[in-house]
Amino acid sequence: MKKVVLASGSPRRKMILGLAGIPFQCITSDAGEEFDPDEDRHKIPVILAERKAEKVFSLCADPHQTIVIGADTIVVLGDEILNKPVGKDEAFEMLNKLSGRKHRVITGVVMKSSGMKQSFYTVTSIKFRNLSAAQINNYIDHRKPFDKAGGYAIQEEIGRIAVEEIDGSYFNVAGLPFVETLNCLERMGYSLA
9 MKKVVLASGS
19 PRRKMILGLA
29 GIPFQCITSD
39 AGEEFDPDED
49 RHKIPVILAE
59 RKAEKVFSLC
69 ADPHQTIVIG
79 ADTIVVLGDE
89 ILNKPVGKDE
99 AFEMLNKLSG
109 RKHRVITGVV
119 MKSSGMKQSF
129 YTVTSIKFRN
139 LSAAQINNYI
149 DHRKPFDKAG
159 GYAIQEEIGR
169 IAVEEIDGSY
179 FNVAGLPFVE
189 TLNCLERMGY
199 SLA
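All residue numbers for the sequence shown refer to the numbering used here, where the first residue is 9 and numbers rise by one.
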């Protein structure tokens, strides 16, 4: 059976992939996260995921027996991409912008094995209810959202108090669309049985 490698250090992605009961290894990719701001919003996370997968695949000792999974998630409000906030002020600004509004969470996934590559993206629409400044500051102070696209993690208390509507995959918002990832692994020849 092929070995699965997750090209990520994200605890959220590790947790999601772990739900499948698949043995896997994590190798954090140092691939750059720069992108053309004029690029189609749906393509950006796929481009970034591909960089991660390619970088980690190049490090594999036995590429013929390895499937590398790269993933990247972006949050899009209108046409604006909300990356990982750099500090408290930027996190507050992001969450305040999301307050009372709909946004999209797009995760791109690329799987690479010797002579084979699959990619896809998943879009989930989220609507936040109106949040007070105190709620936003409390979340920032207690959860340190600086490693999360859009400044939040749906599985934390902000998800319970802020999310009014969700249309699509919950796991996508957490960083790795679960069912779609399993389907792609099967297309790559990995047996889930």
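The C-beta atom is built at its ideal place from N, Cα and C for all residues, glycine as well.
Note that the structure is a prediction, hence the values are computed from the model and not measured.
Item checked: Which of helix, strand or coil DSSP assigns to D70 -> coil
Check: E58 and V13: beta carbons closer than 7 Å?
Finding: no
Item checked: S121 versus F186 - alpha carbon distance -> 19 Å
Check: By the 10 Å Cβ neighbour count, where 16 or more other Cβ atoms means buried, how is D149 classified, buried or exposed?
Finding: exposed
Note to self: Which residue marks the beginning of the alpha helix (DSSP H) containing I174, and which one marks its end?
What the structure shows: Premise fails: I174 lies in the beta strand (DSSP E), V171 to D175, not in any alpha helix (DSSP H).
Check: Where does D87 fall in DSSP's three states?
Finding: coil
Notebook entry, point to check: Taking just the CA atoms, how far does S16 sit from P53?
Noted result: 14 Å
Notebook entry, point to check: Can R49 and V84 be called in contact, C-beta distance under 7 Å?
Noted result: yes
Notebook entry, point to check: Exposed or buried, which one is T189 when buried takes at least 16 other CB atoms within 10 Å?
Noted result: buried
Note to self: Which residue marks the beginning of the alpha helix (DSSP H) containing K105, and which one marks its end?
What the structure shows: K96 to L106
Item checked: Buried or exposed by the 16-neighbour rule on C-beta atoms within 10 Å, applied to P153 -> buried
Next item on the list: May I ask you to report which of helix, strand or coil DSSP gives L14?
Entry: strand
Margin query: Beta-carbon within less than 7 Å of I35's beta-carbon, same chain only, minus the 5 sequence neighbours each way: which residues are those?
Written below: V13, A15, V64 and L67
Notebook entry, point to check: According to the Cβ coordinates, are M102 and G29 closer than 7 Å?
Noted result: no
Notebook entry, point to check: Taking one C-beta from the segment 86 to 94 and one from the segment 158 to 174 each time, how about it: are there three or more such pairs within less than 8 Å?
Noted result: yes
Note to self: On the CB-based measure, 16 or more other CB atoms within 10 Å of its CB, does G40 come out buried or exposed?
What the structure shows: exposed
Notebook entry, point to check: If you drop the 5 nearest sequence neighbours on each side, which residues of the same chain put their C-beta closer than 6 Å to that of V181?
Noted result: V113, T132 and I162
Margin query: Please list the terminal residues of the continuous beta strand (DSSP E) segment that includes M9.
Written below: From DSSP, M9 is part of no beta strand (DSSP E); its letter is neither H nor E.
Next item on the list: Check F154 in the structure and name its three-state DSSP category.
Entry: helix
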